[in-house]
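Participant: If you count the sequence shown from 1, you need to add 3 to reach this note's numbering. Every residue, glycine too, gets a C-beta built ideally from N, C-alpha and C. Values in this document were obtained by computation on a predicted structure and should not be read as measured data.
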Amino acid sequence: MSTHWIERLPAGVIRESLLLMRVDRPIGTYLLMWPALWGVVAASKPAWPDPIMLLIFALGAFVMRSAGCVANDLADRKIDPHVSRTKMRPLAAGRISVRAATVLLLLLLVIALSLALQLNFLTIKLAFAGAFLAVTYPLTKRFVSIPQFYMGAAFGWAAVMAWAATAGSLAPATWTLFFITLFWAAGYDTLYGMMDRQDDLKIGVKSTAILFGQFDLMAVGILYLITLALLTLLGQQLGLGLIYYGMVVMSGAHMVWQLYDCRGRQTERLLRSFLSNQWLGSILFIGILFG
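1. Could you pull out every residue in the same chain whose Cβ sits closer than 6 Å to the Cβ of A2, ignoring the five residues on either side in sequence?
2. Enumerate in chain order the residues of its own chain whose CB-to-CB distance from I229 is below 6 Å, with the five nearest sequence positions on each side excluded.
3. Hey, is the stretch 83 to 92 in contact with the stretch 186 to 196, meaning 3+ C-beta pairs nearer than 8 Å?
4. According to DSSP, is R275 helix, strand or coil?
5. Near M253, what residues of its chain come up, given a Cβ to Cβ distance below 7 Å and the 5 sequence neighbours on each side ignored?
6. Going by other Cβ atoms of all chains shown within 10 Å of its Cβ, with 16 needed for buried, is Y247 buried or exposed?
7. Determine, using beta carbons only, whether F277 and Y195 come nearer to each other than 8 Å.
8. What first and last residue would you give for the alpha helix (DSSP H) that runs through H7?
9. Let me know the secondary structure DSSP gives C72 once reduced to three states.
10. Excluding the 5 residues flanking V223 on each side, which residues of the same chain have their C-beta closer than 7 Å to its C-beta?
11. Taking only runs of the beta strand (DSSP E) that begin and end inside the stretch 140 to 207, which ones reach a length of at least 3 residues, in chain order?
12. Using the beta-carbon count (16 or more within 10 Å), is T270 buried or exposed?
13. Spatial neighbours of L233 within its chain, please: C-beta separation below 6 Å, excluding the five flanking residues on both sides.
14. What residue does the alpha helix (DSSP H) around Q239 start on, and which one ends it?
15. On the premise that I114 lies in contact with V43, defined as a C-beta separation below 8 Å, what is that separation, rounded to the nearest angstrom?
16. Check for me: the alpha helix (DSSP H) holding I246 runs from which residue to which?
17. When you compare the stretch 160 to 169 with the stretch 122 to 142, are there three or more beta-carbon pairs, one atom per stretch, that lie closer than 8 Å?
18. Quick check on the DSSP output: the alpha helix (DSSP H) that includes G216 runs from which residue to which?
19. What is the residue span of the alpha helix (DSSP H) that I286 lies within?
20. Tell me, to the nearest whole angstrom, how far the beta carbon of L111 is from that of S69; I am working on the premise that it is less than 8 Å.
21. Alpha carbons only, please: which of P84, M198, R80 and S117 is nearest the one belonging to S100?
22. Thinking just about the alpha-carbon of each residue, which of N280, G216, R25 and V147 is nearest to the one in V208?
23. Below 6 Å CB to CB, which residues in the same chain sit around L226 once its five sequence neighbours on both sides are set aside?
24. So, with DSSP's three-state summary, where would you put V43?
25. Could you check which residue in M250, G15 and A78 has the C-alpha nearest to that of V138?
26. Buried or exposed for K205, please, with buried defined as at least 16 other CB atoms from any protein chain shown within 10 angstroms of its CB.
27. Just to confirm my understanding: we take A256, look at its own chain, exclude 5 residues before and 5 after, and list those with CB closer than 7 Å. What are they?
28. Short of 6 Å in beta carbon distance, which residues of its chain neighbour L273, apart from the five on each side in sequence? Order them along the chain.
29. Quick check: the Cα distance between V106 and P54, rounded to an integer number of angstroms?
30. Mind reading off the beta-carbon distance from G22 to I9? Whole number of angstroms is fine, and I expect it under 8 Å.
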């Protein structure tokens, strides 16, 4: 039985709203936060990043990830009851109403907008595109075979916004960061999708895990190789030094470990490798900061 403090709250809309936002499972916030913080630090070079800017984007990652989770569960409320991993989510189990979840989503989007309004006009314009990507991502699982790439674009947009907020304009390295995040996220989310592959096949949900089939780990390896190549390009664009490249090598070793650990495709190892990407994000943050 879970011992998370949210689980110990009295039953009611507050408890279910926090569970709907996945406050008890912060991995998604970390995976969205790191690209945003990369963007702040990279755009600040050679100066140190503004702590206030880092805080705004850390909070923004929490709010937008929460909004994405609510939007996802609203879109999947008729699918989740048929998937073993998701059938006990608040909406799927009927513990919170669609109306309450919709109000929560709108509230989170208003909070996200209030954070964006603290930034420059370019970033505010980019924020609307980011919100669109976040809210529409859940629908892509029904229509396209590569929703993980769409999610990667949504996460990569956080880096674009962070760069714009810090530098006031975009640069070639901005888009390198965007694609680094896109391919990295597509890789680790394919590992995540491999855990749900059989359930997804039964209910008709699409994913890269299904698309790649028996070549799933090979595909993840290729996505990670592209990520590493783009990280090398980013280092050249920003003129970074040995510390950065050392962290890139460490990240590559971590990716190899993930693939090796998942070779048997056991659910617990797939989950462990997926979760470990939060540490990979922190390694690269340190590399960009001190590189």
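Facilitator: Short version:
1. As displayed, the chain neither begins before 4 nor continues past 294, which places residue 2 out of reach and without an answer.
2. For the purposes of this step, residue 229 is taken as residue 226 along the sequence shown, with counting starting at 1. F186, listed in sequence order.
3. As far as the Cβ criterion goes, the stretch 83 to 92 does not touch the stretch 186 to 196, which means the pair count is below three.
4. Walking along the sequence shown from the start, residue 275 turns up at place 272. The answer is helix: DSSP assigns R275 an H, G or I state.
5. Indexing the sequence shown from 1 puts residue 253 at position 250. The beta carbon of M253 is closer than 7 Å to those of I286 in its chain, skipping five residues each way along the sequence.
6. Along the sequence shown, read from residue 1 onward, the residue named residue 247 stands at position 244. By the neighbour-count rule (16 or more Cβ atoms within 10 Å), Y247 is buried.
7. The residue you call residue 277 lines up with position 274 of the sequence shown. The residue you call residue 195 lines up with position 192 of the sequence shown. Yes. Within cutoff.
8. Numbered from its first residue, the sequence shown carries residue 7 at position 4. No alpha helix (DSSP H) holds H7; DSSP gives it neither H nor E.
9. The residue you call residue 72 lines up with position 69 of the sequence shown. DSSP places C72 in helix when its eight states are reduced to three.
10. The residue labelled residue 223 in the question sits at position 220 within the sequence shown. Hits under 7 Å: G190, T193, L194 and L262.
11. Uninterrupted beta strand (DSSP E) stretches at least 3 residues long and entirely within the stretch 140 to 207 do not occur.
12. The residue you call residue 270 lines up with position 267 of the sequence shown. Classification for T270: exposed.
13. The residue labelled residue 233 in the question sits at position 230 within the sequence shown. Taken in chain order, the residues that qualify are T179, F182 and I183.
14. Sequence index remark: in the sequence shown, residue 239 carries index 236 (1-based). DSSP places Q239 inside the alpha helix (DSSP H), whose first and last residues are D219 to L241.
15. Position 40 of the sequence shown, counted from the start, is the residue given in the question as residue 43. Position 111 of the sequence shown, counted from the start, is the residue given in the question as residue 114. That belief does not hold up - the Cβ atoms of V43 and I114 are roughly 20 Å apart, past 8 Å.
16. As a position in the sequence shown, residue 246 is number 243, starting the count at 1. Segment L245 to D264, the alpha helix (DSSP H) holding I246.
17. Verdict: yes, contact present.
18. As a first step, residue 216 must be located in the sequence shown, where it is residue number 213. Boundaries for G216: no alpha helix (DSSP H) harbours it, and the DSSP string shows neither H nor E there.
19. Counted from its first residue, the sequence shown places residue 286 at position 283. Element bounds for I286: N280 to F293.
20. The count along the sequence shown starts at 1 and reaches residue 111 at position 108. The count along the sequence shown starts at 1 and reaches residue 69 at position 66. Yes, they are in contact, since the Cβ atoms of L111 and S69 sit about 5 Å apart, within 8 Å.
21. Here residue 100 corresponds to residue number 97 of the sequence shown, with the count starting at 1. Relative to the Cα of S100, the nearest Cα in the group P84, M198, R80 and S117 belongs to R80.
22. Taking the first residue of the sequence shown as 1, we reach residue 208 at position 205. V208 has its Cα closest to that of V147, out of N280, G216, R25 and V147.
23. Counted from its first residue, the sequence shown places residue 226 at position 223. Same-chain partners within the cutoff: F186, A189 and G190.
24. Within the sequence shown, the letter at position 40 stands for residue 43. Of the three classes helix, strand and coil, the one that applies to V43 here is helix, per DSSP.
25. Residue mapping note: residue 138 aligns to position 135 of the sequence shown, counting from 1. With distances taken between Cα atoms, V138 lies closest to A78.
26. Along the sequence shown, one-based indexing puts residue 205 at 202. K205 is classed as exposed because its beta carbon has fewer than 16 other beta carbons within 10 Å across all chains shown.
27. Counting from one through the sequence shown, the residue named residue 256 turns up at place 253. Correct list: empty, nothing qualifies.
28. Counting from 1 along the sequence shown, the entry for residue 273 is found at position 270. Once the five neighbours on either side are set aside, the close Cβ partners of L273 are L194, M197, M198 and C265.
29. Counted from its first residue, the sequence shown places residue 106 at position 103. Counted from its first residue, the sequence shown places residue 54 at position 51. V106 and P54 have their C-alpha atoms spaced approximately 32 Å apart.
30. Here residue 22 corresponds to residue number 19 of the sequence shown, with the count starting at 1. Here residue 9 corresponds to residue number 6 of the sequence shown, with the count starting at 1. According to the sequence as given, residue 22 is Leu; it is not Gly. Yes, they are in contact, since the Cβ atoms of L22 and I9 sit about 6 Å apart, within 8 Å.
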